[in-house]
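**Q**
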Amino acid sequence: MAPISGNDNLRPVVFSGPSGTGKSTLIKKLFTKHPDLFGFSVSHATRKPRPGEVDGTHYHFVPVEKFESMIAEDAFLEHAKFGGNYYGSSKKAVQDVAEGRGKDINGGVAEGKRICIFDIEMEGVKQLKKSPLEPRICFIQPPSVEILEQRLRGRGDTDEASIQKRLAQAKNEIEYCKTEGKNDKVIINDDLDRTFNELDEWVMKDISNTASA
Numbered sequence: 001m002a003p004i005s006g007n008d009n010l011r012p013v014v015f016s017g018p019s020g021t022g023k024s025t026l027i028k029k030l031f032t033k034h035p036d037l038f039g040f041s042v043s044h045a046t047r048k049p050r051p052g053e054v055d056g057t058h059y060h061f062v063p064v065e066k067f068e069s070m071i072a073e074d075a076f077l078e079h080a081k082f083g084g085n086y087y088g089s090s091k092k093a094v095q096d097v098a099e100g101r102g103k104d105i106n107g108g109v110a111e112g113k114r115i116c117i118f119d120i121e122m123e124g125v126k127q128l129k130k131s132p133l134e135p136r137i138c139f140i141q142p143p144s145v146e147i148l149e150q151r152l153r154g155r156g157d158t159d160e161a162s163i164q165k166r167l168a169q170a171k172n173e174i175e176y177c178k179t180e181g182k183n184d185k186v187i188i189n190d191d192l193d194r195t196f197n198e199l200d201e202w203v204m205k206d207i208s209n210t211a212s213a
């Protein structure tokens with residue numbers, strides 16, 4: 001596989017955390033502030049699109065049969081089943097970012113070689129940690145499970161069974177993130193602006209250090 005950024009020393013950045021913690025909003029703010037620096041690894045998913053989601057921008061929405069055929073073809077860097085649906089990051093999506101054919105957060109073409117950004121689930125993180133990509137991993141944590149439940153219910157597009165599955169998964173992810181060495185950074189999203197400032201500082205520090213090396 002080709003390098004995953006225009007600078008071989010810059011590692012991809014992985015964002016993980018329970019559904020409803022604000023990962024997508026934070027990633028969008030990062031792309032807005034640094035429009036020429038990052039490319040988004042658009043994951044594949046077998047779930048139905050939520051209102052406002054666009055195929056090829058937020059996810060590549062595919063049938064289960066297609067996803068399973070891609071698994072058989074070893075097309076994924078990581079993949080997992082979550083909430084009854086498959087999710088995965090294809091090797092092609094990462095290659096596209098490396099070769100200037102990736103996506104920005106709004107679905108436009110991210111021209112030029114970029115630093116690859118992932119937004120994936122816990123099982124995917126475990127797989128990427130074993131890969132040669134050596135990603136930097138940031139876990140976005142909710143202030144509490146109770147507040148996370150309020151956010152999930154506030155979406156209005158998730159049934160009760162799905163909410164309970166997501167809450168159970170969130171508890172597992174929060175427990176996992178407490179294990180030393182599993183994440184490079186853990187940020188509690190209790191205030192969007194404060195959280196983004198902390199996130200931006202952490203992401204850019206590594207880039208600045210590499211540029212000055």
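Counting in full-length UniProt numbering, the sequence shown runs from 1 upward without gaps. Note that CB positions come from ideal geometry on N, CA and C, so glycine has one too.
(1) Check whether the Cβ atoms of G83 and R166 sit closer than 8 angstroms, and answer yes or no.
(2) In this structure, does DSSP put L167 in helix, strand or coil?
(3) Should R136 and D184 be called a contact, given that it needs their Cβ atoms to be closer than 8 angstroms?
(4) Within the same chain, show all residues whose beta-carbon is closer than 8 angstroms to that of S144, passing over the 5 residues directly before and after it, in chain order.
(5) If distances are taken between C-alpha atoms only, which option among K29, N209 and G108 comes closest to D55?
(6) Helix, strand or coil: how does DSSP classify E78 here?
(7) Quick one: is A2 buried, meaning 16 or more other Cβ sit within 10 Å of its Cβ, or exposed?
(8) What residue does the beta strand (DSSP E) around G39 start on, and which one ends it?
(9) Can you tell which of I207, G112 and D200 has the C-alpha that lies nearest to the C-alpha of T32?
(10) Give the secondary structure of K48 by DSSP, where H, G and I count as helix, E and B as strand, and everything else as coil.
(11) Sort V64, S208 and D104 by Cα distance to H58 and report the nearest one.
(12) So for G102, helix, strand or coil by DSSP?
(13) Within 10 angstroms of its Cβ, does I71 collect 16 or more other Cβ (buried), or is it exposed?
(14) Please report how far the alpha carbon of residue 268 lies from the alpha carbon of F196, in whole angstroms.
(15) Please classify L148: is it buried, with 16 or more other beta-carbons within 10 angstroms of its beta-carbon, or exposed?
(16) Excluding the 5 residues preceding and the 5 following F139 in the sequence, name in chain order all residues of the same chain whose CB lies nearer than 6 angstroms to its CB.
(17) Let me know if Q141 comes out buried or exposed under the rule of 16 or more other beta-carbons within 10 Å of its beta-carbon.
(18) In three-state DSSP terms, what is N7?
(19) By alpha-carbon positions, which one of K66, I120, V203 and V125 ends up nearest to S19?
(20) Going by beta carbon distance, what residues of the same chain come within less than 7 angstroms of R47, once the five residues before and after it are set aside?
**A** The relevant details are as follows:
(1) Yes. Within cutoff.
(2) helix
(3) yes
(4) Contacts found: none.
(5) G108
(6) It is a strand residue.
(7) Per-residue confidence for A2 stands at a pLDDT of 42, beneath the threshold of 50, marking its modelled position as unreliable; the derived number appears in the next sentence. By the neighbour-count rule (16 or more Cβ atoms within 10 Å), A2 is not buried but exposed.
(8) F38 to F40
(9) D200
(10) coil
(11) D104
(12) strand
(13) exposed
(14) No information on residue 268 is available, as it lies outside the stretch 1 to 213 that the chain covers here.
(15) buried
(16) S16, G17, C177, N183 and V186
(17) By the 10 Å Cβ count, Q141 comes out buried.
(18) Low confidence applies here, because N7 scores a pLDDT of 45, under 50, leaving its location unreliable; read the following figure in that light. Here N7 sits in coil by DSSP.
(19) I120
(20) So the list reads N85, once near-sequence residues are dropped.
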